[in-house]
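Quick mapping for you: the protein sequence lines, in order, are chains F and G. For the first sequence, numbering that gives the first Met the number 0 assigns the number 0 to the initial residue and increments by one for each residue that follows. For the second sequence, numbering that gives the first Met the number 0 assigns the number 0 to the initial residue and increments by one for each residue that follows. Backbone N, C-alpha and C define an ideal beta-carbon position, used for all residues, glycine too.
2 protein chains.
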Amino acid sequence: MRDLRTNSLAGELLIALDRAGSVPMHRQVEAAIRDNIRSGRLRLGTALPATRTLAADLGVSRGVVVEAYQQLVAEGYLTSRAGGYTQVAIGPGPAPAPAPAEPAPAPRIDFGYGRADTVHFPRAAWLRSARRVLTETPHERFGYLSGHGMPELRAALADYLNRVRGTAAEPANVLICNGYAQGIALLIQVLAKSGAKRLAVEDPSADDDCRPAAASAGLELVGIPVDDGGIRVDALERSDADAVILTPSHQWPTGAVLSAEARAAVLRWATRRGTLIVEDDYDAEYRYDRAPVGAMQGLAPDHVVYAGTASKTLAPGLRLGWLVVPPRLVDGVVAAKVLADRGSPALDQLVFADFLSRGEFDRHLRRMRPMYRRRRDALLHALREHLPELRPAGIAAGLHLVTRLPPDLDEAAVVAAAALRGVGVHGVTPYRIGNAGDGGLIFGYATLSERTIREGIGLLAAAIVEVRSGRR
Amino acid sequence: MRDLRTNSLAGELLIALDRAGSVPMHRQVEAAIRDNIRSGRLRLGTALPATRTLAADLGVSRGVVVEAYQQLVAEGYLTSRAGGYTQVAIGPGPAPAPAPAEPAPAPRIDFGYGRADTVHFPRAAWLRSARRVLTETPHERFGYLSGHGMPELRAALADYLNRVRGTAAEPANVLICNGYAQGIALLIQVLAKSGAKRLAVEDPSADDDCRPAAASAGLELVGIPVDDGGIRVDALERSDADAVILTPSHQWPTGAVLSAEARAAVLRWATRRGTLIVEDDYDAEYRYDRAPVGAMQGLAPDHVVYAGTASKTLAPGLRLGWLVVPPRLVDGVVAAKVLADRGSPALDQLVFADFLSRGEFDRHLRRMRPMYRRRRDALLHALREHLPELRPAGIAAGLHLVTRLPPDLDEAAVVAAAALRGVGVHGVTPYRIGNAGDGGLIFGYATLSERTIREGIGLLAAAIVEVRSGRR
Numbered sequence: 000m001r002d003l004r005t006n007s008l009a010g011e012l013l014i015a016l017d018r019a020g021s022v023p024m025h026r027q028v029e030a031a032i033r034d035n036i037r038s039g040r041l042r043l044g045t046a047l048p049a050t051r052t053l054a055a056d057l058g059v060s061r062g063v064v065v066e067a068y069q070q071l072v073a074e075g076y077l078t079s080r081a082g083g084y085t086q087v088a089i090g091p092g093p094a095p096a097p098a099p100a101e102p103a104p105a106p107r108i109d110f111g112y113g114r115a116d117t118v119h120f121p122r123a124a125w126l127r128s129a130r131r132v133l134t135e136t137p138h139e140r141f142g143y144l145s146g147h148g149m150p151e152l153r154a155a156l157a158d159y160l161n162r163v164r165g166t167a168a169e170p171a172n173v174l175i176c177n178g179y180a181q182g183i184a185l186l187i188q189v190l191a192k193s194g195a196k197r198l199a200v201e202d203p204s205a206d207d208d209c210r211p212a213a214a215s216a217g218l219e220l221v222g223i224p225v226d227d228g229g230i231r232v233d234a235l236e237r238s239d240a241d242a243v244i245l246t247p248s249h250q251w252p253t254g255a256v257l258s259a260e261a262r263a264a265v266l267r268w269a270t271r272r273g274t275l276i277v278e279d280d281y282d283a284e285y286r287y288d289r290a291p292v293g294a295m296q297g298l299a300p301d302h303v304v305y306a307g308t309a310s311k312t313l314a315p316g317l318r319l320g321w322l323v324v325p326p327r328l329v330d331g332v333v334a335a336k337v338l339a340d341r342g343s344p345a346l347d348q349l350v351f352a353d354f355l356s357r358g359e360f361d362r363h364l365r366r367m368r369p370m371y372r373r374r375r376d377a378l379l380h381a382l383r384e385h386l387p388e389l390r391p392a393g394i395a396a397g398l399h400l401v402t403r404l405p406p407d408l409d410e411a412a413v414v415a416a417a418a419l420r421g422v423g424v425h426g427v428t429p430y431r432i433g434n435a436g437d438g439g440l441i442f443g444y445a446t447l448s449e450r451t452i453r454e455g456i457g458l459l460a461a462a463i464v465e466v467r468s469g470r471r
Numbered sequence: 000m001r002d003l004r005t006n007s008l009a010g011e012l013l014i015a016l017d018r019a020g021s022v023p024m025h026r027q028v029e030a031a032i033r034d035n036i037r038s039g040r041l042r043l044g045t046a047l048p049a050t051r052t053l054a055a056d057l058g059v060s061r062g063v064v065v066e067a068y069q070q071l072v073a074e075g076y077l078t079s080r081a082g083g084y085t086q087v088a089i090g091p092g093p094a095p096a097p098a099p100a101e102p103a104p105a106p107r108i109d110f111g112y113g114r115a116d117t118v119h120f121p122r123a124a125w126l127r128s129a130r131r132v133l134t135e136t137p138h139e140r141f142g143y144l145s146g147h148g149m150p151e152l153r154a155a156l157a158d159y160l161n162r163v164r165g166t167a168a169e170p171a172n173v174l175i176c177n178g179y180a181q182g183i184a185l186l187i188q189v190l191a192k193s194g195a196k197r198l199a200v201e202d203p204s205a206d207d208d209c210r211p212a213a214a215s216a217g218l219e220l221v222g223i224p225v226d227d228g229g230i231r232v233d234a235l236e237r238s239d240a241d242a243v244i245l246t247p248s249h250q251w252p253t254g255a256v257l258s259a260e261a262r263a264a265v266l267r268w269a270t271r272r273g274t275l276i277v278e279d280d281y282d283a284e285y286r287y288d289r290a291p292v293g294a295m296q297g298l299a300p301d302h303v304v305y306a307g308t309a310s311k312t313l314a315p316g317l318r319l320g321w322l323v324v325p326p327r328l329v330d331g332v333v334a335a336k337v338l339a340d341r342g343s344p345a346l347d348q349l350v351f352a353d354f355l356s357r358g359e360f361d362r363h364l365r366r367m368r369p370m371y372r373r374r375r376d377a378l379l380h381a382l383r384e385h386l387p388e389l390r391p392a393g394i395a396a397g398l399h400l401v402t403r404l405p406p407d408l409d410e411a412a413v414v415a416a417a418a419l420r421g422v423g424v425h426g427v428t429p430y431r432i433g434n435a436g437d438g439g440l441i442f443g444y445a446t447l448s449e450r451t452i453r454e455g456i457g458l459l460a461a462a463i464v465e466v467r468s469g470r471r
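In structure tokens, the structure reads:
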């Protein structure tokens, strides 16, 4: 029942009509002419056939064509001229964009860091929570949001964090954002607005979230060296920074735990100078060989912003993050959040609140911890066996570890040789902010099976032999 | 089995131990001391009992207390002094924030605008899509995202918008954001970065999303008057603006449709000056008495950014919005999105893509249209009956209409008198950018039953009588 006709204008106007379909004839004619104009088949200035002529050609009533022309005149595709004829009013649309180039192939064995193993995303439990939320939530909760986040999730997170991370969180001070990335971007905006000029970060550190945000807010980023006890407080004190971002429980990437003395010293620094500490508690949920270290925020809730994320525990794609902020900063961060996007999606927040308060999150973590520990153990074992000279550090916690490289091995050469063998591993040097330091490799192990880890380290060992022999 | 003991320090240390629970004793002691420090019961500098003493008081082994003290030293709550005793190292946490003041009571009958009736959110169909997504999506799709959005949703939206709104969208040019609010904020950042100085908006218009974004990007906002044919192009041409935000299909709030001549003239302006048109197609899905007017983006995809949202069709709480941008702007907007939050949540996008491509969105709109039309008709009928002098406009489409006020009625006085009777209605004046104009009232009717609409207009009529008599 599809019928394709061309009109008298030398086949210019290609119109396919579906006489059995539910789309009215005039809409079909209208759409076809629009397509002809866009594709350039009907050029700017071309006169269209008289309505009577086209109607006869197409076997439709004249009213159909009149209505189609009128609509396209109203939309600006056609103009009606005084002489009674109708003209094309615009040129063709742009050529479709060329297909984007293929991205570089992903490594076959990727020791990338910073993400949960989404194979084990708790789909069934998440769906149960989604069903409860979609069944039971009053409809007005799907309306516009506050910039704070949903009260259910803020209360559930305050409970969870106070219980598990030793924070001093009140629901009123918990704010929901789209992952750590948005949280730190909002904080940096608020800091800049309050007159901050210099933002200290650990060196090395993962600055890919804060660096562009700081640049766009006009804040200078200052790298403060890190040693085995975490950030060097003497250097921080000399830095004249207005705020510092720390990973005190498990420094990224070195894995150092900020010592008690350093914690106290950083807090004294913050109190004395009225500066802000941002505690990036990115992988606190995973501790293998020691008790978890409580969050610094619990020690000084007036000086510390606690930042957490579901990216390392559930999935990065959820874009669920949270901040616990000092009371004086709540209004500023909420205003920045409202300006950014008027609040995070309601459904996800309600589902996560249900998931948390029913103990599903604890259950999920209990299931994941031994698996990640086995992967870490497989990695340590393989390193000991194939690359004993690498000396792993930061192994007691988290989802990654770091190894220093012997001075005779060039970091970039090792990373490149590994890549050639299909093994993805990051060097430490690209994460340095300005202070020189030893070469090193960062191994994320969360998403690889024990067998793959062993294979990857074997390939890396071969790559290192190659680098050494090539250099000689 | 819960047992509450106080130690020898004059009842200072209040420790409750649950001997039957699953939490290890040392963690319980640790948590209790932490709470005592935070609450101020244990003050800065206070010496803690010797481990042996406290262990005896609590009826636990000395190792339990040693471990608890060590952990709290590591976290910075306690310090170990040379003399072998242990001291509290920090002061109490801040007092909990006072409960926030009660917000002003919401009006009983709220003619607020700009939102779908969430009573009719398609929960069952949404849940079916969520189940399919959670069951069938490959796990790697829950990982980190691109700033473009999920390909499934970008393709489904391109299909939908080309079919229903007459856009010329390629999936490559469709970008997903957290509602219109984030979309316009990102665009304004990109415009400012490219050197734009002045952003034109319709006057009156809803500038609550773009005004703060423009201010924070350093763009000047210029109000261009609107008449019955939409924005006044002569004023736009004189404005020296680098971009303009338009609601061409249904001007907000006046309801005017941008005439064909004005469309062509605005496009000529944009082409000639190389400026950008942002087409805010906020309520395109609802048309009652006339054919929908196709989107301007379809006429000039190189000069128009199309912006849409699910807030008016499904629920604002979803925070789902989309942009169709000219190819040259894709990279800039994506970079701004990555900087803002690294991409919108994956699950919501996949669910909406499934919902769209299975025709559920069309079904939902078919169900809602007659309901909204009945509400609009009830509103028109009630206005004719009780307030014939108000003359409604912009009635053929959308989820709101606007009425001018007779010159003898002060807009603010009418809004205030209505509020006193429990009726929420917005005046037009607060939405004017700088050009004077008649008073008017904006009536959103999407979320009110026909009965409530009639009642609300009756109350408003009484309020207006009151205003008139009070003035005499």
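Sequence-distant residues of the same chain with beta carbon closer than 7 angstroms to residue i, five excluded per side
i	result
Arg33(F)	Leu71 and Tyr76
Ser60(G)	Ala54
Thr136(G)	Leu349
Leu43(G)	Val87, Ile89 and Gly90
Pro106(F)	Ala418, Gly421, Val422 and Gly423
Residue of the options minimising C-alpha distance to residue i
i	options	result
Val232(G)	Ala199(G), Ala412(G) and Gly421(G)	Ala199(G)
His138(G)	Thr50(F), Val118(F) and Leu144(F)	Val118(F)
Leu78(F)	Ile36(F), Leu322(F) and Leu313(F)	For clarity, residue 78(F) is Thr in the given sequence; the question names Leu instead. Closest option to Thr78(F), Cα to Cα, is Ile36(F).
Gly443(G)	Arg164(G), Leu328(G), Pro391(G) and Arg341(G)	Pro391(G)
Asp347(G)	Ala212(G), Asp116(G), Trp125(G) and Gly358(G)	Trp125(G)
Met24(G)	Arg40(G), Ala67(G), Thr45(G) and Asp56(G)	Ala67(G)
Ile108(G)	Arg467(G), Leu447(G), Ala461(G) and Val466(G)	Leu447(G)
Simplified DSSP assignment, three categories, for residue i
i	result
Tyr159(F)	helix
Ser356(F)	helix
Ala19(G)	coil
Thr274(F)	coil
Leu419(F)	helix
His302(G)	coil
Asp376(G)	helix
His147(G)	coil
Pro99(G)	Summary for Pro99(G): the model assigns pLDDT 49, below 50, so the residue's position carries little reliability, and this model does not support an answer.
Thr166(G)	coil
Ala381(G)	helix
Phe351(F)	helix
His249(F)	coil
Phe110(F)	coil
Residues bridged to residue i [DSSP beta-bridge criterion]
i	result
Gly320(F)	Cys176(F) and Thr308(F)
Arg197(G)	Glu219(G)
Ser79(F)	Thr85(F)
Ala396(G)	Arg286(G)
Same chain, Cβ closer than 8 angstroms to residue i, neighbours up to 5 away in sequence not counted
i	result
Arg271(F)	none
Neighbourhood of residue i by C-beta distance below 6 angstroms, restricted to the same chain and skipping five residues each side
i	result
Arg51(G)	Arg61
Gly320(F)	Cys176, Gly178, Tyr179, Gly182 and Thr308
Val189(G)	Gly331, Val332 and Ala335
Quiz prompt | Residues, ordered as in the chain, of the region 61-87 of chain F that lie near chain G by beta-carbon distance below 7 angstroms | solution = Considering only beta carbons, the part of the region 61-87 of chain F lying closer than 7 angstroms to chain G consists of Gln70, Val72, Ala73, Glu74, Gly75 and Tyr76, in chain order.
Practice problem: Select from the region 301-335 of chain G all residues with a C-beta closer than 7 angstroms to any C-beta belonging to chain F, and list them in chain order. | Solution: The region 301-335 of chain G vs chain F, Cβ under 7 angstroms: Asp301, Ala314, Pro315, Gly316, Leu317, Arg318 and Pro326.
Quiz item: If you measure beta-carbon to beta-carbon, which residues of the region 110-128 of chain G are closer than 9 angstroms to chain F?
Solution: If the cut-off is 9 angstroms between Cβ atoms, the region 110-128 of chain G has Gly113, Arg114, Ala115, Asp116, Thr117, Val118, His119, Phe120, Arg122, Ala123, Trp125 and Leu126 near chain F.
Practice problem: Could you run through the region 209-232 of chain F and flag, in chain order, every residue whose CB is less than 8 angstroms away from some CB of chain G? | Solution: For the region 209-232 of chain F, the residues whose beta carbon sits under 8 angstroms from a beta carbon of chain G are, in order, Pro211, Ala212 and Ser215.
Self-check item: Residues within the region 341-355 of chain G neighbouring chain F, beta-carbon criterion of under 8 angstroms
Solution: Of all residues in the region 341-355 of chain G, those with a C-beta nearer than 8 angstroms to a C-beta of chain F are Arg341, Gly342, Ser343, Pro344, Ala345, Leu346 and Asp347, reading in chain order.
Quiz prompt | Where the region 243-260 of chain F meets chain G: residues whose CB sits under 7 angstroms from a CB there | solution = Hits within the stretch, in order: Ala259.
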